[in-house]
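In the UniProt record's numbering, the protein residues as written are 1 to 410.
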């Protein structure tokens, strides 16, 4: 099993490539939660994610013959970039297998760092099978994304930085995909102080670690479904499962809506861009059904990556705005007569909501001949404002159909 000495040795190997990323006190999230919140901003790491640490440590420990034969790996994107850059820096040829639907931004970034990309399969497990085929046929060394002690040790250097920068930390929250990141961090943090809580968090649609702990054996999901593509793995590793059982205090899950809210808040409150997998640790802190903590407890959520595809970012932020009552799309029926739309707009304006778009349709067969359906997009200031708007419209006799899934709180 990975040891604290492995992590200390890794720090020497990765220090020339990986950055010591900031640990920033968050006034916004401390006020929101009542805890003493410090964000470990690994999204500011080279390649935009923590993976460069483990990849560099693994490649630096290969023999000369192994380095000459080249390396191969499978990745949803961040490990791909880490291996590509680490291999290039070490003068090693790299081939990276990624799922066919991997974000374009991550594929292009991997190629810019010097890796040869191969797109194969629907998810990480399919890509991994293809990478192992290449390993056998070409004699390359497979650099596992998480289930490798040298990779875990490299990721554990984040834990060393956390305890160096925040020695009084009470709780560290870490995303879990395959388990390499939390295995390394837990090893480093528990060596510093065994009483520090290390809590893992997964997406509900990729909850292999949580289910494995509950069952007492590794559980492999048939499929994964989450906006947090960086941790969308069907199963955790054999080696990481052993470490998690011994050194991780708890594993919780959150849904995609909570992840979208956390990502949106990071952008708005901290001006920090994170991908879904990077924001999920904050989601566990903010979610009512996430982790339990005491008032004033010093908590460090690890924001582990910021490589989000711009198309995905648009969708996720919009979902976050909907969930936090900042955006509403709804339909209603108006009389098809002069002034009807003005009357509706006047009510909305009086409540200080801002109409950003509308569509007027008088031709649908399911609308009466003297009526028109109107769909509006409205900027709002929060859940109470949305509830006030909807209650007022319904009180004025409008039949309102919410289009974007927002649920009234009252």
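A virtual CB, placed ideally from N, CA and C, is assigned to each residue, including glycine.
Computed from a prediction, not measured in an experiment: that's the story for all the values here.
With a cut-off of 8 Å on the beta carbons, I'd call residue i and residue j a contact; round off their distance for me.
i, j, result
"residue 40", "residue 303", "6 Å"
"residue 7", "residue 160", "6 Å"
"residue 401", "residue 330", "6 Å"
"residue 113", "residue 76", "With a Cβ gap of about 16 Å, residue 113 and residue 76 do not count as contacting."
"residue 280", "residue 175", "5 Å"
"residue 325", "residue 382", "4 Å"
"residue 420", "residue 353", "This structure cannot speak to residue 420, because the chain is shown only from 1 to 410."
"residue 118", "residue 71", "Residue 118 to residue 71, Cβ: 13 Å. No contact."
"residue 351", "residue 388", "6 Å"
"residue 305", "residue 275", "5 Å"
"residue 43", "residue 272", "6 Å"
"residue 380", "residue 328", "6 Å"
"residue 111", "residue 239", "Wrong, their Cβ atoms sit about 30 Å apart, outside the cutoff."
"residue 73", "residue 80", "7 Å"
"residue 162", "residue 172", "6 Å"
Which of the three DSSP states, helix, strand or coil, is assigned to residue i?
i, result
"residue 142", "strand"
"residue 190", "helix"
"residue 358", "strand"
"residue 29", "helix"
"residue 45", "coil"
"residue 249", "coil"
"residue 265", "helix"
"residue 218", "coil"
"residue 329", "strand"
"residue 371", "strand"
"residue 301", "strand"
"residue 312", "helix"
"residue 94", "strand"
"residue 273", "coil"
"residue 203", "strand"
"residue 377", "strand"
"residue 392", "helix"
"residue 338", "coil"
"residue 401", "strand"
"residue 173", "strand"
"residue 18", "coil"
"residue 157", "helix"
"residue 35", "coil"
"residue 210", "helix"
"residue 197", "strand"
"residue 12", "helix"
"residue 321", "helix"
So is the beta-carbon of residue i under 8 Å away from any non-hydrogen atom of the ligand ZN?
i, result
"residue 350", "Ligands displayed in this structure: none; no statement on the ligand ZN is therefore possible."
Can you find the residues in the same chain that come closer than 7 Å, C-beta to C-beta, to residue i, ignoring five residues on each side of it along the sequence?
i, result
"residue 120", "97, 100, 126, 127, 130"
"residue 4", "187, 188, 191"
"residue 323", "257, 260, 261"
"residue 293", "35, 171, 299"
"residue 248", "182, 186, 198, 200"
Return no unless some Cβ of chain B is closer than 9 Å to the Cβ of residue i.
i, result
"residue 303", "Given the protein chain composition of this structure (a single chain), no chain B is represented."
When we look at the beta-carbon of residue i and count the other beta-carbons within 10 Å, is it buried (16 or more) or exposed?
i, result
"residue 414", "Since the first and last residues shown for the chain are 1 and 410, residue 414 lies out of range."
"residue 369", "exposed"
"residue 410", "Unreliable placement is indicated for residue 410, whose pLDDT of 41 sits below 50; no coordinate value is reported for it."
"residue 1", "exposed"
"residue 311", "exposed"
"residue 139", "exposed"
"residue 454", "Since the displayed the chain opens at 1 and closes at 410, residue 454 lies outside it and no answer follows."
"residue 291", "buried"
"residue 314", "exposed"
"residue 342", "exposed"
"residue 365", "exposed"
"residue 337", "exposed"
Return the chain-ordered list of same chain residues with a C-beta closer than 8 Å to the C-beta of residue i, the five sequence neighbours on each side being excluded.
i, result
"residue 34", "295, 296"
"residue 394", "400"
"residue 46", "17, 18, 19, 52, 85"
"residue 62", "71, 92, 141"
"residue 122", "99, 100, 101"
"residue 256", "203, 204, 205, 226, 227, 228, 276, 319"
"residue 251", "176, 199, 200, 201, 202, 209, 210, 213, 244"
"residue 316", "227, 259, 260, 263, 264, 276, 308"
"residue 371", "333, 334, 335, 336, 362"
Can you list, in chain order, the residues of its chain whose CB lies under 6 Å from that of residue i, leaving out five sequence neighbours each side?
i, result
"residue 258", "283, 287"
"residue 94", "71, 83, 84, 87, 115"
"residue 269", "28"
"residue 67", "92"
"residue 38", "23, 25, 166, 300"
"residue 60", "13"
"residue 220", "234, 235"
Would you check if there are 3 or more beta carbon pairs closer than 8 Å linking the region 261 to 271 to the region 134 to 142?
no
If you pair each beta-carbon of the region 193 to 201 with each one of the region 107 to 122, do three or more pairs fall below 8 Å?
no
Taking three-plus beta-carbon pairs below 8 Å as touching, is the region 148 to 159 in contact with the region 213 to 228?
no
Do three or more CB pairs link the region 201 to 211 to the region 231 to 241 at distances below 8 Å?
yes
The region 185 to 192 contacting the region 244 to 254, beta-carbon criterion three pairs below 8 Å:
yes
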